[in-house]
Structures are given as C-alpha cells and as structure tokens.
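Per the numbering used here, the sequence shown starts with residue 5, numbered consecutively. First comes the structure, then the notes that go with it.
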Amino acid sequence: MLVASQIPYSQVTYYRDYLTGAGHVASGVQFRDVGTSLKVGASILPGNQVKVRLTPTINWSSGDTSGVIEVNEASTELIVPSGRPVVLGGSTTHTHELTRRILGYRAGETATETTMALTATIR
Numbered sequence: 005m006l007v008a009s010q011i012p013y014s015q016v017t018y019y020r021d022y023l024t025g026a027g028h029v030a031s032g033v034q035f036r037d038v039g040t041s042l043k044v045g046a047s048i049l050p051g052n053q054v055k056v057r058l059t060p061t062i063n064w065s066s067g068d069t070s071g072v073i074e075v076n077e078a079s080t081e082l083i084v085p086s087g088r089p090v091v092l093g094g095s096t097t098h099t100h101e102l103t104r105r106i107l108g109y110r111a112g113e114t115a116t117e118t119t120m121a122l123t124a125t126i127r
C-alpha cells in the first residue's frame, strides 16, 4: 500500500567501449516515489488464522540522496481469521463549496469517506 508522489530527477550514465577506448554520456529523467507506505508480511497459523505484521515505511528524497526508513517502533501484529476483513483506519473530509450558476449562487457541502481494510486469505 503506497501513498506517494513521483518526483523527477536527472540521471547521467557514462558508457565506455574498452576495445576502442571511446565512450559516450547518456542522460535522461527518472522518477522516484516519495511518500509513505505500509509494508505487509503474513504467516499462516493453525486454526485457519493468519498473523499479519504491518510496518509503516517512509520514502524520502533530498537533493542528490534518497532513502527508505522502516518505522519498526510503529509496527503491529494482528491475528485474523482467514477471509475476514479487518478495518485498519480511515478518514472523513468535508468540503464546503460555493458554486456560481447562471441565475445566482448556490452553497453546497460534500463529504468524502475513506476506509482502509485488510483481508488476509489462506489459499
């Protein structure tokens, strides 16, 4: 599970032909994911259950360096029955908007709800 933005960075590669001693430079643009993700690991337990380990991960980039940090202190383990969904979290966003129509104004409100659920299934 990944919530990230892709940021561009330039990449320069030098190719050398050792037989002739000549070489050339190739440049281009690559994209790197920067954001947060949730690393999921699972193991099967007796009784049709699954042990799930969830570890938050942060991908970062600064100048010419980048890296990945796994936040092990925030890891958690769940034991869930196979095939049963478990709600991990969610959020609600309310947006107030003012819309101009041909004959006047109209105020409106919208709501967006996001739920993150996990279903571990033994196959």
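Each residue gets a CB set at the ideal place from its N, CA and C atoms; glycine is no exception. Note that the structure is predicted; figures quoted are calculated from it, not measured.
Length of the line joining the Cα atoms of residue i and residue j
i: G25; j: Q15; result: 23 angstroms
i: T59; j: Q34; result: 27 angstroms
i: I3; j: G93; result: What the structure shows of the chain is the stretch from 5 to 127, and residue 3 is not part of that stretch, so it cannot be assessed.
i: Y19; j: L49; result: 51 angstroms
i: T96; j: A121; result: 15 angstroms
i: T17; j: S31; result: 6 angstroms
N-terminal and C-terminal residue of the beta strand (DSSP E) that residue i is part of
i: T40; result: G27 to L49
i: N63; result: Q53 to S66
i: I83; result: T80 to P85
Pick from the options that is closest to residue i, judged by C-alpha positions
i: I126; options: V7, T40, T17 and K55; result: K55
i: G39; options: L82, T61 and P85; result: T61
i: I83; options: H28, S47, K43 and V29; result: S47
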